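Novice: Take this structure, written in structure tokens, and hold onto it; I'll ask about it next.
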Amino acid sequence: DSHWHSEIARDCRMFSIPPSSPAGEAANFVRDLKVQVLLNLNGWTAGHRNDIFQHRAAPIQANYLGYPGGMGARYMDYHISDRVASPPDLCDGYTEKLVLMPGTYYINDHKRYHLQEAKIQEGAGQPGSDSRERWTKKQRQMIGLPQNYLIVANFNQLYKLNPGVFREWALALSGRPDVLLWQIMHNSTNASIAKSSMLSVSIPAGLKESQLFFTQNTEIIEFIRRYRLMVMFVVTWLSDHLVLFQSCIGRSCPGYLPFNSPHCRYGCSMDGNSVSH
Numbered sequence: 038d039s040h041w042h043s044e045i046a047r048d049c050r051m052f053s054i055p056p057s058s059p060a061g062e063a064a065n066f067v068r069d070l071k072v073q074v075l076l077n078l079n080g081w082t083a084g085h086r087n088d089i090f091q092h093r094a095a096p097i098q099a100n101y102l103g104y105p106g107g108m109g110a111r112y113m114d115y116h117i118s119d120r121v122a123s124p125p126d127l128c129d130g131y132t133e134k135l136v137l138m139p140g141t142y143y144i145n146d147h148k149r150y151h152l153q154e155a156k157i158q159e160g161a162g163q164p165g166s167d168s169r170e171r172w173t174k175k176q177r178q179m180i181g182l183p184q185n186y187l188i189v190a191n192f193n194q195l196y197k198l199n200p201g202v203f204r205e206w207a208l209a210l211s212g213r214p215d216v217l218l219w220q221i222m223h224n225s226t227n228a229s230i231a232k233s234s235m236l237s238v239s240i241p242a243g244l245k246e247s248q249l250f251f252t253q254n255t256e257i258i259e260f261i262r263r264y265r266l267m268v269m270f271v272v273t274w275l276s277d278h279l280v281l282f283q284s285c286i287g288r289s290c291p292g293y294l295p296f297n298s299p300h301c302r303y304g305c306s307m308d309g310n311s312v313s314h
């Protein structure tokens, strides 16, 4: 168990429902606890149990945090957000009533969670200093990154990419031979197929094979360390990973976001370092 689980267990009354429990049985369990407000932290993401909410397990049911969009489900009463991520003039697009928080809806404890990593980076010196340059060079060597490139990265899973998005990235970077596009391979079995597909799109768009760099998936703390090595991260048009997104901007790494898209709104809600286009 994580230290987060331990802290919550210490401070709260803890109850758990086995993931395999039938929805009706799980809903009755929640009702027996006389829960008044039930928060859905998954929404339409992997591992969700929206079927429990469909059984109206609590008088008030709200969607929050894990899935930033509306549920489109009449059994959800409220969507907790803020005025940037969910502008009031778009409220007609939600089946839920909007509960708009002051500031950002995306509450986190990023600094404490990555305190050890932050101390290591601070000990390396200020950005631009000789000691920080030596630290950066060492980190690049450990990963295998070329030394003389500006790094643009996308750490999303490959199913969130499509040829149109990748072609746009290739076209945008094709005039910069000093830029490297770094992509994570989450599934080594399909790595060769993915590389071949990317090259078939990027080379005609003007991005050289030598400007593509691939590494395997890694632990979250290693992801955080890698953000210091890039000059910008890019996200897909249709789907993104908000946890990675938040980790990036938590490390003061600027982002390239499609203008007037949900990702643009979520990013601007989280942090002013995000750049929309």
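As numbered in this note's numbering, residues 38 to 314 make up the sequence shown, in order. Cβ coordinates follow ideal geometry from the N, Cα and C atoms, glycine included. Being a predicted model, the structure only gives us computed values, none of them experimental.
Which same chain residues end up closer than 7 Å to Q184 when comparing Cβ atoms and leaving out the 5 residues on each side of it in sequence?
Specialist: These residues qualify, in order along the chain: K174, R177.
Novice: Do the stretch 227 to 244 and the stretch 260 to 275 touch if we need at least three Cβ pairs shorter than 8 Å?
Specialist: Short answer: they don't touch.
Novice: Tell me, which residues are paired with T252 by DSSP?
Specialist: T252 is bridged to I221.
Novice: Got a sec? Which residues, its chain only, sit under 7 Å from Q194 by beta carbon, not counting five neighbours each side?
Specialist: The residues are H223.
Novice: In the DSSP assignment, what residue or residues form a beta bridge with L75?
Specialist: L75 is bridged to Q98.
Novice: For the stretch 235 to 255 against the stretch 196 to 210, are there 3 or more C-beta pairs whose distance is under 8 Å?
Specialist: With the cut-off at 8 Å, the stretch 235 to 255 and the stretch 196 to 210 touch.
Novice: Taking Cβ to Cβ, would you say T252 is nearer than 8 Å to I180?
Specialist: Their beta carbons are under 8 Å apart, which means T252 touches I180 by this criterion.
Novice: Using only the alpha-carbon positions, how far apart do F260 and A190 sit?
Specialist: Using only the alpha carbons, I get a separation of about 11 Å.
Novice: What do you get for L182, buried or exposed, if any count of 16 or more other CB atoms within 10 angstroms of its CB means buried?
Specialist: Burial call: buried.
Novice: Please list the terminal residues of the continuous alpha helix (DSSP H) segment that includes K174.
Specialist: First-last of the alpha helix (DSSP H) with K174: 167 to 180.
Novice: May I ask you to report which of helix, strand or coil DSSP gives V67?
Specialist: Of the three classes helix, strand and coil, the one that applies to V67 here is helix, per DSSP.
Novice: Contact defined as beta carbons within less than 8 Å: I believe A110 pairs with N87. What is the distance between those atoms, to the nearest angstrom?
Specialist: Right, their Cβ atoms sit about 7 Å apart.
Novice: Tell me the residue span of the beta strand (DSSP E) that contains K197.
Specialist: Neither: K197 is in no beta strand (DSSP E) and is coded neither H nor E.
Novice: By the three-class DSSP mapping on this structure, what secondary structure does I54 have?
Specialist: The answer is coil: DSSP assigns I54 none of H, G, I, E or B.
Novice: Along the chain, where does the beta strand (DSSP E) that runs through H85 open and close?
Specialist: Looking at the DSSP string, H85 is not in any beta strand (DSSP E), and its letter there is neither H nor E.
Novice: Use the C-beta contact count for R213: other C-beta atoms within 10 angstroms, 16 or more gives buried, fewer gives exposed.
Specialist: Result: exposed.
Novice: So A46 is in the alpha helix (DSSP H); what residue range does that whole segment cover?
Specialist: Element bounds for A46: 40 to 48.
Novice: Is it buried or exposed for H116, if we count other Cβ within 10 angstroms and need 16 for buried?
Specialist: Buried, by the Cβ-count rule.
Novice: Check whether the Cβ atoms of S239 and F203 sit closer than 8 Å, and answer yes or no.
Specialist: Going by C-beta atoms, S239 is nearer than 8 Å to F203.
Novice: Name the two residues that bound the continuous beta strand (DSSP E) containing V121.
Specialist: No beta strand (DSSP E) holds V121; DSSP gives it neither H nor E.
Novice: Going along the chain, which residues of its own chain have a beta-carbon closer than 7 Å to the beta-carbon of P96, five neighbours each way excluded?
Specialist: Only Q73 meet the Cβ criterion.
Novice: With F90 and Y104 assumed to form a contact (beta carbons below 8 Å), what rounded beta-carbon distance in angstroms separates them?
Specialist: At roughly 12 Å, the Cβ-Cβ gap does not stay under 8 Å, so F90 and Y104 are not in contact.
Novice: Determine the DSSP secondary structure at Y104, reduced to helix, strand or coil.
Specialist: It is coil, neither helix nor strand.
Novice: Helix, strand or coil, according to DSSP, for V136 in the structure here?
Specialist: Strand at V136.
Novice: What distance in whole Å lies between the Cβ atoms of M267 and I188, which are believed to be in contact at a cut-off of 8 Å?
Specialist: The pair is a contact, with the Cβ atoms about 4 Å apart (cut-off 8 Å).
Novice: What's the gap between the Cα of P164 and the Cα of E170?
Specialist: Whole-angstrom Cα-Cα distance: 8 Å.
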